[in-house]
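According to the numbering used here, the residues represented by the sequence shown are 28 to 157, in order.
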Amino acid sequence: MTLRYRLIALAVLAAFIAGILWVASHYHDKWQEEKTRAEAAEKRADSSEAITANVIRAVTIMNIITEANQHAKEQIALESSRASRDIKAAVADDDCAKRTVPAGAAYRLREYADSLRSGAVRAAAGQPDR
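What follows is the structure, given as structure tokens:
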């Protein structure tokens, strides 16, 4: 073989190696981009899962609070009914219970009941008592 053929073969071999290196570099860059994209997607998925878990926890807490409040309201209504029944039984034979309540006393009792209700509304709304 002559020197000329050896140089041509060497040039073809160098071009082939350069092509392989370029292809390897190109696909390595693509792999790096996909790896970065996949990692970002994983982070977003983890963040979404954490947010969803927090929302579910908050809803669960709200449900527990609502159930507790409902139970408390039922207990208050039951106690009020018992108290009313006990008072009626206690004053059933009392002749004072058959008389009408004076208008001034009834008005004062209504005022007192209204003040209790407004105090309950203020406490429920988070307003401080005065």
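All residues carry an ideal CB built from backbone N, CA and C; glycine is no exception. None of the values given here were measured: they were computed from a predicted structure.
Exposed unless 16 or more other CB atoms sit within 10 angstroms - verdict on residue i
{"i": "Arg157", "result": "In this predicted model, Arg157 has a pLDDT of only 48, less than 50, meaning its place in the structure is not dependable; the value taken from the coordinates is given anyway. With fewer than 16 Cβ atoms within 10 Å of its Cβ, Arg157 is classed as exposed."}
Through-space distance from residue j to residue i, alpha-carbon basis
{"i": "Ala41", "j": "Arg33", "result": "12 Å"}
{"i": "Ala77", "j": "Glu66", "result": "17 Å"}
{"i": "Leu136", "j": "Ile88", "result": "39 Å"}
{"i": "Lys62", "j": "Asn90", "result": "42 Å"}
{"i": "Arg126", "j": "Glu138", "result": "21 Å"}
{"i": "His53", "j": "Ala85", "result": "48 Å"}
{"i": "Glu159", "j": "Arg71", "result": "Because the chain in this structure spans residues 28 to 157, residue 159 falls outside the shown range and cannot be described."}
{"i": "Tyr134", "j": "Ser111", "result": "20 Å"}
{"i": "Ser75", "j": "His55", "result": "30 Å"}
{"i": "Leu143", "j": "Ala99", "result": "17 Å"}
{"i": "Ala132", "j": "Thr93", "result": "38 Å"}
{"i": "Gln102", "j": "Ser108", "result": "10 Å"}
{"i": "Gln97", "j": "Ala68", "result": "43 Å"}
{"i": "Asp120", "j": "Ile114", "result": "11 Å"}
{"i": "Ile35", "j": "Ala45", "result": "15 Å"}
{"i": "Ser145", "j": "Arg64", "result": "58 Å"}
{"i": "Ala140", "j": "Val82", "result": "40 Å"}
Own chain residues within Cβ distance below 8 Å of residue i, not counting five before or after
{"i": "Val118", "result": "Ala124"}
{"i": "Lys57", "result": "none"}
Within-8 Å CB hit, residue i to chain B
{"i": "Pro129", "result": "Given the protein chain composition of this structure (a single chain), no chain B is represented."}
Which runs of the beta strand (DSSP E) at least 3 residues long sit entirely within the segment 83-148? Give them in chain order. none
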